[in-house]
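Engineer:
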Amino acid sequence: MTGKVSAPYEPGLLALREGPILEAAVRALPRLPDVLLVDATGRDHPRRAGLALHLGAVLGVPTVGITDRPLVASGQPPEDRRGARSPLYVQGELVGYWVRTRPRVRPVCVHAGWRTDPDTAVAVVLQLVGRFRTPEPLRLAREAARAARAASR
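Under the numbering used here, the sequence shown has 128 at position 127, and the numbering climbs by one with no breaks.
#1: Note the first and the last residue of the continuous beta strand (DSSP E) segment covering residue 94.
#2: State the CB to CB distance for the pair residue 129 and residue 138, rounded to an integer number of angstroms; the pair is presumed to be in contact (CB under 8 Å).
#3: Please classify residue 106 as buried or exposed, where buried requires at least 16 other C-beta atoms within 10 Å of its C-beta.
#4: Of the residues 65, 59, 27, which one's Cα is nearest the Cα of residue 45?
#5: Less than 8 Å between the beta carbons of residue 113 and residue 91, yes or no?
#6: What residue does the alpha helix (DSSP H) around residue 121 start on, and which one ends it?
#7: Starting from the Cα of residue 117, find the closest Cα among 135, 134, 97, 136 and give me that residue.
#8: By Cβ distance, which residues of its chain are closer than 8 Å to residue 70, with the 5 residues on each side in sequence left out?
#9: Are there 16 or more other CB atoms within 10 angstroms of the CB of residue 25, so buried, or fewer, so exposed?
#10: Between which two residues does the beta strand (DSSP E) carrying residue 112 extend?
#11: Residue 52 and residue 39 look like a contact to me (Cβ under 8 Å); what is the Cβ gap, rounded to whole Å?
#12: Nearest to residue 13 by alpha carbon, out of 57, 23, 72, 56?
#13: Does DSSP classify residue 136 as helix, strand or coil?
#14: Tell me, to the nearest whole angstrom, how far the beta carbon of residue 85 is from that of residue 68; I am working on the premise that it is less than 8 Å.
#15: Any idea which residues DSSP pairs residue 1 with across the strands?
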């Protein structure tokens, strides 16, 4: 599937920019996934409604957000062992965790999305991590997107 985003990037409004094309891509699948990993925040957002939460609500599919760093949440990185986690809070509300998916590499931020809680989100991510820092489905999606962009140039 191909498409273009029509809105400029505005911090905190990623769902308006990328949500429609992502929704169309997911709806084009033969069946909806049991859970959707989204390269975006969930409740770690100024309005507690990042792209991961928005996309799940629109599709009716549980979502987990994964990012390299928090958007507005705060918390200390976890200890240096696989599976270690430390909480991320926004105004006292637990919205996700820093999660160490591999020793001696930067942790990822795992965000509760639509119909998931922070602990479930972490469990999903840890089940999907292979040799790399990023969960395998998200890593493969990024590779496919890069290849498609390169082929279209």
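Ideal placement from N, C-alpha and C gives every residue a C-beta, glycine not left out.
Structural biologist: Checking against the coordinates, here is how it stands:
#1: For the purposes of this step, residue 94 is identified with residue 93 of the sequence shown, where counting begins at 1. Residue range 94-100 is occupied by the beta strand (DSSP E) that includes residue 94.
#2: The count along the sequence shown starts at 1 and reaches residue 129 at position 128. The count along the sequence shown starts at 1 and reaches residue 138 at position 137. The pair is a contact, with the Cβ atoms about 6 Å apart (cut-off 8 Å).
#3: Here residue 106 refers to the residue found at position 105 of the sequence shown. With fewer than 16 Cβ atoms within 10 Å of its Cβ, residue 106 is classed as exposed.
#4: On the sequence shown, position 44 is the one that residue 45 refers to. The shortest Cα separation from residue 45 among 65, 59, 27 belongs to 65.
#5: Locating residue 113 in the sequence shown gives position 112, where the first residue counts as 1. Locating residue 91 in the sequence shown gives position 90, where the first residue counts as 1. In this structure, residue 91 does not lie closer than 8 Å to residue 113 by Cβ.
#6: On the sequence shown, position 120 is the one that residue 121 refers to. If you look at residue 121, you'll find it in the alpha helix (DSSP H) that goes 119-129.
#7: Position 116 of the sequence shown holds residue 117. Of the listed residues, the one whose Cα sits closest to residue 117 is 97.
#8: Here residue 70 corresponds to residue number 69 of the sequence shown, with the count starting at 1. Within the same chain, residue 70 has close Cβ partners 110.
#9: If you number the sequence shown from 1, residue 25 lands on position 24. Exposed: under 16 other Cβ atoms inside 10 Å.
#10: Taking the sequence shown and counting its residues from 1, the one referred to as residue 112 is at position 111. Its beta strand (DSSP E) spans residues 109-113.
#11: To locate residue 52, count along the sequence shown from 1; it is residue 51. To locate residue 39, count along the sequence shown from 1; it is residue 38. Sure, about 6 Å apart at Cβ, within 8 Å.
#12: Taking the sequence shown and counting its residues from 1, one reaches residue 13 at position 12. Nearest option by C-alpha distance: 72.
#13: Taking the first residue of the sequence shown as position 1, residue 136 is located at position 135. Residue 136 falls in the strand class under three-state DSSP.
#14: Start at 1 with the first residue of the sequence shown, and residue 85 comes out as number 84. Start at 1 with the first residue of the sequence shown, and residue 68 comes out as number 67. A Cβ-Cβ separation of about 18 Å leaves residue 85 out of contact with residue 68 under the 8 Å criterion.
#15: Only positions 2 to 154 of the chain appear in this structure, which leaves residue 1 out of reach.
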